[in-house]
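A.B. asks: Positions 1 to 368 (full-length UniProt numbering) are the ones given, in order, by the sequence shown. Just so you know, even glycine gets a beta-carbon here, dropped at the ideal spot from N, CA and C.
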Amino acid sequence: MKTRAAVAWQAAAPLTIEEVDLDGPRAGEVLVEVKATGICHTDWYTLSGADPEGLFPAILGHEGAGIVREVGAGVTSLKAGDHVIPLYTPECRQCKFCLSRKTNLCQKIRATQGKGLMPDGSSRFSLDGKPILHYMGTSTFANHIVVPEIALAKIREDAPFDVVCYIGCGVTTGIGAVIFSAKVERGANVAVFGLGGIGLNVIQGAKLAGADKIIGIDINPAREAMARQFGMTHFVNPKDVPNVVDAIVQLTDGGADFSFECIGNVDVMRQALECTHKGWGRSIIIGVAEAGAEIRTRPFQLVTGRKWEGSAFGGARGRTDVPKIVDWYMEKKINIDDLITHRLKLEDINEGFALMKRGESIRSVVVY
Ligand code: NAD
Ligand code: AHE
Ligand code: ZN
Ligand code: ZN
Numbered sequence: 001m002k003t004r005a006a007v008a009w010q011a012a013a014p015l016t017i018e019e020v021d022l023d024g025p026r027a028g029e030v031l032v033e034v035k036a037t038g039i040c041h042t043d044w045y046t047l048s049g050a051d052p053e054g055l056f057p058a059i060l061g062h063e064g065a066g067i068v069r070e071v072g073a074g075v076t077s078l079k080a081g082d083h084v085i086p087l088y089t090p091e092c093r094q095c096k097f098c099l100s101r102k103t104n105l106c107q108k109i110r111a112t113q114g115k116g117l118m119p120d121g122s123s124r125f126s127l128d129g130k131p132i133l134h135y136m137g138t139s140t141f142a143n144h145i146v147v148p149e150i151a152l153a154k155i156r157e158d159a160p161f162d163v164v165c166y167i168g169c170g171v172t173t174g175i176g177a178v179i180f181s182a183k184v185e186r187g188a189n190v191a192v193f194g195l196g197g198i199g200l201n202v203i204q205g206a207k208l209a210g211a212d213k214i215i216g217i218d219i220n221p222a223r224e225a226m227a228r229q230f231g232m233t234h235f236v237n238p239k240d241v242p243n244v245v246d247a248i249v250q251l252t253d254g255g256a257d258f259s260f261e262c263i264g265n266v267d268v269m270r271q272a273l274e275c276t277h278k279g280w281g282r283s284i285i286i287g288v289a290e291a292g293a294e295i296r297t298r299p300f301q302l303v304t305g306r307k308w309e310g311s312a313f314g315g316a317r318g319r320t321d322v323p324k325i326v327d328w329y330m331e332k333k334i335n336i337d338d339l340i341t342h343r344l345k346l347e348d349i350n351e352g353f354a355l356m357k358r359g360e361s362i363r364s365v366v367v368y
């Protein structure tokens, strides 16, 4: 079939809208009509050329929601008409990683996914007979996609696509990092570095977890009002204080119990570790840093009890947890509406990236 897609031809070049060819689902695969997709900072990161797994030409996008249109042979858990969220972290429930119960990082299809290919080693997308690569196993900047069954979470049918698509990455990454990865306790002091599409969801997660002080740190002063609405109790603009680490240590009587880095800046990752409490502070890296970047600190910071950790997709097991997070939204336990600041047509997707880079949007959503 033909479908419309925003194609990334090369690093750091605008996407162009094309009618591409899409082969139908093979065994274990599912054809999905994407109804809406968010634009995440990670899409920008890959488009920028900084991602060692960034391959071109490709169809980016990993924050979608849509409807199953066709299933391939052997697919049992989904049928045409089901509403789904594609998962860049699948959940096969059979691999060593899934069975360990220690991680959400299912590895069943990770190797081919990182090469922009389906699990059988081929691409379903092409244009003029030349293959176009998939991205993160999802490629939600295409109106139709083919995805393995294990990379789809079935969700309730009354949930609006143009909101719950954001659960496909940002909402789950932020809230999940607090609830599933860090397991923040009631009364804990939390510091959140970077108050964008991820950090504001960390703030929202910390409030849900019953945190005491929730300190937000951002160089964009316009982020303060929204963060306060989501539960931030104190704001620090690094440009306004001589030393961010000292400012947080003073606010928290010795350091935060938990910190989260939601930017992808290795210097800020160091600040996030060093602002945590001696003896027990835990710092969770969420931000994605460019190829070649490395983190540094004095080992003494770890010797004296701080822990450096990371979280991918909020530690969520997608097929199990994503439908529950959709329920939380529908039951008004979490707020997603106010974080979606812009809705765009596919033709305007480059403007979505420009809004992000200018710091004017929290989340832009493309509605097909
Ligand atoms: P965003 O652009 O919406 O937000 C980034 C925020 O950081 C902005 O508010 C910006 O003003 C702020 N910022 C930038 N430099 C700063 C500095 N030096 N000090 C303080 N604040 C600063 O991005 P996003 O969509 O929220 O994504 C954030 C990061 O998380 C990105 O690196 C993205 O790739 C990553 N990410 C990781 C996962 C995961 O599973 N680990 C999932 C999604 C996104
Ligand atoms: N190819 C990148 C990987 C970047 C990365 O860490 N991605 C996160 C999701 S970001 C979503 O916005 C992730 O899930 N990581 C685990 C994994 O297996 O990729 C790079 O930098 O190499
Ligand atoms: Zn993302
Ligand atoms: Zn698995």
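#1: Write down the C-beta distance between Pro-90 and Ile-150 rounded to the nearest angstrom, noting that I regard them as a contact closer than 8 angstroms.
#2: Examine ligand 3 and report whether any of its heavy atoms sits within less than 7 angstroms of the Cβ of Cys-98.
#3: Just checking residue 387 against ligand 4 - is the residue's beta carbon closer than 7 angstroms to any of the ligand's heavy atoms?
#4: Rank Ile-219, Gly-187 and Val-178 by C-alpha distance to the C-alpha of Ile-203 and give the top, closest one.
#5: Go ahead and pull the three-state DSSP assignment for His-134.
#6: Could you check whether Cys-262 and Val-184 sit closer than 8 angstroms to each other, using their CB atoms as the reference points?
#7: Using the Cβ count rule (16 or more neighbours within 10 Å means buried), how would you classify Pro-299?
#8: Using 10 angstroms around the beta-carbon of Asp-257, count the other beta-carbons present and answer buried if the total reaches 16, otherwise exposed.
#9: Quick one: is the Cβ of Glu-53 within less than 7 angstroms of any heavy atom of ligand 2?
#10: For Val-249, report the span of its alpha helix (DSSP H) as first-last.
#11: So if DSSP puts Pro-86 in a beta bridge, which residue, or which two residues, is it bridged to?
#12: Would residue 420 and Glu-33 qualify as a contact pair, given that the criterion is a beta-carbon distance under 8 angstroms?
#13: Which class does Phe-300 belong to by DSSP, given the choice of helix, strand or coil?
#14: Does the Cβ-Cβ distance between residue 406 and Phe-313 come in under 8 angstroms?
#15: Between the alpha carbons of Gly-116 and Lys-108, how many angstroms are there, rounded?
#16: Whose C-beta lies closer than 6 angstroms to the C-beta of Gly-287 among residues of the same chain, with five residues either side of it excluded?
#17: Measuring CA to CA, which of Leu-346, Asp-253 and Ile-340 is closest to Glu-360?
#18: Taking only the alpha-carbon atoms, compute the straight-line gap between Ala-211 and Glu-70 and give it to the nearest angstrom.
#19: In three-state terms, what does DSSP make of Glu-33?
#20: From Ala-289 to Val-268, what distance separates their C-alpha atoms?
#21: Going by the DSSP bridge assignment, what does Ala-111 pair with across the sheet?
#22: In terms of alpha-carbon separation, which member of Ala-58, Ala-8 and Met-232 lies closest to Leu-195?
#23: Indicate whether the contact test is met: 3 or more Cβ pairs, each with one atom in the segment 111-129 and one in the segment 38-50, closer than 8 angstroms.
#24: Rounded to whole angstroms, what is the Cα-Cα separation between Asp-218 and Lys-130?
#25: Is the beta carbon of Gly-315 closer than 8 angstroms to that of Phe-97?
#26: Can you check DSSP and say which residues form a bridge with Ser-123?
#27: Distance check for Asp-253 and Arg-110, CA to CA, integer angstroms please.
#28: Any idea if Thr-138 is buried or exposed, counting beta-carbon neighbours within 10 angstroms, 16 or more meaning buried?
#29: Taking Cβ to Cβ, would you say Gly-64 is nearer than 8 angstroms to Thr-37?
#30: Can the beta-carbon of Val-75 be found closer than 8 angstroms to that of Val-30?
#31: Compare the Cα-Cα distances from Asp-43 to each of Gly-318, Phe-161 and Gly-170 and report the closest residue.
#32: Check whether the Cβ of Gly-310 lies closer than 8 angstroms to any Cβ atom in chain C.
#33: Could you have a look at Phe-235 and say whether DSSP puts it in helix, strand or coil?
#34: Rounded to the nearest angstrom, how far is the Cβ of residue 440 from that of Ala-6, given a contact under 8 angstroms?
C.D. replies: Inspection of the coordinates gives the following:
#1: Reading the sequence shown from its first residue, position 90 is the one you call residue 90. Reading the sequence shown from its first residue, position 150 is the one you call residue 150. 4 angstroms between Cβ atoms; contact.
#2: The count along the sequence shown starts at 1 and reaches residue 98 at position 98. No, the Cβ of Cys-98 stays beyond 7 angstroms of every heavy atom of ligand 3.
#3: Beyond the ends of the chain as shown, which are 1 and 368, falls residue 387; an answer cannot be given.
#4: Here residue 203 refers to the residue found at position 203 of the sequence shown. Between Ile-203 and the set Ile-219, Gly-187 and Val-178, the nearest pair of CA atoms involves Val-178.
#5: In the sequence shown, residue 134 corresponds to position 134, counting from 1. His-134 falls in the coil class under three-state DSSP.
#6: Here residue 184 corresponds to residue number 184 of the sequence shown, with the count starting at 1. Here residue 262 corresponds to residue number 262 of the sequence shown, with the count starting at 1. Contact check for Val-184 against Cys-262 fails: the beta carbons are separated by 8 angstroms or more.
#7: Translated into positions along the sequence shown, residue 299 becomes position 299. Exposed is the call here.
#8: Taking the first residue of the sequence shown as 1, we reach residue 257 at position 257. Counting Cβ neighbours within 10 Å, Asp-257 comes out buried, since at least 16 surround it.
#9: Position 53 of the sequence shown, counted from the start, is the residue given in the question as residue 53. Using a cutoff of 7 angstroms, the CB of Glu-53 counts as near ligand 2, since one of the ligand's heavy atoms is closer than that.
#10: Reading the sequence shown from its first residue, position 249 is the one you call residue 249. In this chain, the alpha helix (DSSP H) harbouring Val-249 covers 244-251.
#11: As a first step, residue 86 is located in the sequence shown; it is residue number 86 there, counting from the start. For Pro-86, the pairing in a beta bridge is given by DSSP as Leu-152.
#12: In this structure the chain extends from 1 to 368, so residue 420 is not present and cannot be described.
#13: Reading the sequence shown from its first residue, position 300 is the one you call residue 300. Phe-300: helix per DSSP, three-state reduction.
#14: For the chain, the structure presents residues 1 to 368; residue 406 sits outside this window and is missing.
#15: Here residue 116 is taken as the residue at index 116 of the sequence shown, counted from 1. Here residue 108 is taken as the residue at index 108 of the sequence shown, counted from 1. Whole-angstrom Cα-Cα distance: 15 angstroms.
#16: The sequence position of residue 287 within the sequence shown is 287, counting from 1. Counting only Cβ-Cβ distances below 6 angstroms, and skipping sequence neighbours, we find Glu-261, Cys-262, Ile-263 and Gly-264.
#17: Here residue 360 corresponds to residue number 360 of the sequence shown, with the count starting at 1. Considering only Leu-346, Asp-253 and Ile-340, the residue with the shortest C-alpha distance to Glu-360 is Ile-340.
#18: Stepping through the sequence shown from its first residue, residue 211 is reached at position 211. Stepping through the sequence shown from its first residue, residue 70 is reached at position 70. Taking the straight line from one Cα to the other gives about 44 angstroms.
#19: For the purposes of this step, residue 33 is taken as residue 33 along the sequence shown, with counting starting at 1. The answer is strand: DSSP assigns Glu-33 an E or B state.
#20: As a working note, residue 289 is residue 289 in the sequence shown. As a working note, residue 268 is residue 268 in the sequence shown. When rounded, the distance between both Cα atoms is 11 angstroms.
#21: Here residue 111 refers to the residue found at position 111 when the sequence shown is read from its first residue. Paired residue(s): none; Ala-111 is not in a bridge.
#22: Looking up residue 195 in the sequence shown gives position 195. Nearest of Ala-58, Ala-8 and Met-232 to Leu-195, Cα basis: Met-232.
#23: Look at the beta carbons and you see the segment 111-129 not touching the segment 38-50: under three pairs across the two are nearer than 8 angstroms.
#24: The sequence position of residue 218 within the sequence shown is 218, counting from 1. The sequence position of residue 130 within the sequence shown is 130, counting from 1. Cα to Cα, Asp-218 sits roughly 43 angstroms from Lys-130.
#25: Taking the first residue of the sequence shown as 1, we reach residue 97 at position 97. Taking the first residue of the sequence shown as 1, we reach residue 315 at position 315. No, these two residues do not count as a Cβ contact at 8 angstroms.
#26: Here residue 123 is taken as the residue at index 123 of the sequence shown, counted from 1. Looking at the DSSP assignment, Ser-123 forms no beta bridge with any residue, so it has no partner.
#27: Translated into the one-based positions of the sequence shown, residue 110 becomes position 110. Translated into the one-based positions of the sequence shown, residue 253 becomes position 253. In this structure, the straight-line span from the alpha carbon of Arg-110 to that of Asp-253 is close to 43 angstroms.
#28: For the purposes of this step, residue 138 is taken as residue 138 along the sequence shown, with counting starting at 1. Thr-138 comes out buried.
#29: For the purposes of this step, residue 64 is identified with residue 64 of the sequence shown, where counting begins at 1. For the purposes of this step, residue 37 is identified with residue 37 of the sequence shown, where counting begins at 1. Taking 8 angstroms as the Cβ cut-off, Gly-64 and Thr-37 qualify as a contacting pair.
#30: The residue given as residue 75 occupies position 75 in the sequence shown. The residue given as residue 30 occupies position 30 in the sequence shown. Contact: yes.
#31: Stepping through the sequence shown from its first residue, residue 43 is reached at position 43. Nearest Cα to Asp-43 within the set Gly-318, Phe-161 and Gly-170: Gly-170.
#32: In summary, chain C is missing from the structure at hand, where a single protein chain is found.
#33: For the purposes of this step, residue 235 is identified with residue 235 of the sequence shown, where counting begins at 1. If DSSP states are grouped into helix, strand and coil, Phe-235 belongs with the strands.
#34: The requested residue 440 is not part of the displayed model; the chain covers only 1 to 368.
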